[in-house]
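**Q**
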Amino acid sequence: MPSFNLMNTSLPPIPDYVMHIHAVEGLQEDDTDINAADPSEPGGADYLHEEARPGEHELHMALHRRMESLVENLEEGVERLAAEHHDLQNEINELSIEHGQLAEDYDELREYAEDRLDEVEDLQDDVFFLQNRHFELQRAYGRLLAGFQVEREVVWELEQELGLMRIQAANQRENIEGLQSALNKAQKRQWWSLMLLFVCVLVAAYFCLLAGRSSVNWR
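Just so we're aligned: the sequence shown equals residues 554 to 772 in my numbering.
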């Protein structure tokens with residue numbers, strides 16, 4: 554961006570301008586007085602003779618040229634200032650447009666941030682709910698572990714009782730096998746007893762028949 558500063562140019566300081574302007578104005582007044590003097594009047598020629606000192610006209614012309622140069626420099630400075638003012642105004646307009654765009658972007662970002670904050674609050678509520686649920690599940694898991702420990706002890710006791718019952722069943726099975734063997738033996742003995750009794754009955758019947766025939770024959 555171009556910048557203009559009077560202190561950085563070749564122009565003389567402001568007090569020099571003022572002094573040159575006053576000097577030129579004084580010379581212009583003297584020139585006016587000289588031109589206005591009439592030689593025909595008394596003292597007019599003396600006035601011209603006294604005012605028209607040697608080298609004064611050259612000084613006047615030099616100051617006049619200096620004044621014109623200063624005026625040109627001032628005009629150039631004013632033009633540069635006007636150009637810089639125009640550039641600055643354009644930059645201000647561009648910055649205003651950018652400011653408007655940034656304001657819109659800021660509003661959008663603020664709305665986005667507000668939406669994200671709402672989502673964060675919702676997530677925090679969800680996290681709080683999940684933490685409470687986690688604590689409840691931990692307590693329930695602790696209760697389940699305690700119940701499982703109790704049930705495991707009960708199962709161990711039942712296994713002990715089952716072992717005793719198996720031993721008792723084995724003993725009872727041995728007893729039943731012994732009783733079954735004794736019963737088989739008793740059944741065999743009973744069968745042989747019945748056979749013996751049947752044989753005895755047959756023998757007795759046979760002898761009875763023989764005795765009956767013998768008595769019949771004897772008669």
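Think of the CB as a built atom: it goes at the ideal place given N, C-alpha and C, for glycine as much as any other residue.
1) Specify the secondary structure class of GLY608 as computed by DSSP and reduced to three states.
2) CB-CB under 6 Å to LEU715, same chain, minus the five flanking residues each way: which ones, in chain order?
3) What is the rounded straight-line gap between the Cα of HIS638 and the Cα of VAL680?
4) Tell me the rounded alpha-carbon separation between LEU649 and GLN677.
5) Could you pull out every residue in the same chain whose Cβ sits closer than 6 Å to the Cβ of ALA656, ignoring the five residues on either side in sequence?
6) In whole angstroms, what separates the C-alpha of GLU664 from that of GLU674?
7) Where LEU647 and GLU621 are concerned, what is the direct C-alpha to C-alpha distance, given to the nearest angstrom?
**A** Let me lay it out:
1) On the sequence shown, position 55 is the one that residue 608 refers to. GLY608: coil per DSSP, three-state reduction.
2) Here residue 715 is taken as the residue at index 162 of the sequence shown, counted from 1. None.
3) What you label residue 638 is simply residue 85 of the sequence shown in a count that begins at 1. What you label residue 680 is simply residue 127 of the sequence shown in a count that begins at 1. If I take the Cα positions, the gap works out to 59 Å.
4) Along the sequence shown, read from residue 1 onward, the residue named residue 649 stands at position 96. Along the sequence shown, read from residue 1 onward, the residue named residue 677 stands at position 124. Looking at the sequence itself, residue 649 is Ser, so the reference to Leu does not match. Answer to the nearest angstrom: the Cα atoms are 40 Å apart.
5) In the sequence shown, residue 656 corresponds to position 103, counting from 1. Excluding sequence neighbours, ALA656 sits near nothing in its chain.
6) Counting from one through the sequence shown, the residue named residue 664 turns up at place 111. Counting from one through the sequence shown, the residue named residue 674 turns up at place 121. Their Cα atoms are separated by approximately 15 Å.
7) As a first step, residue 647 is located in the sequence shown; it is residue number 94 there, counting from the start. As a first step, residue 621 is located in the sequence shown; it is residue number 68 there, counting from the start. Leu is not the amino acid found at residue 647; the sequence shown has Glu there. Rounded to the nearest angstrom, the two C-alpha atoms are 38 Å apart.
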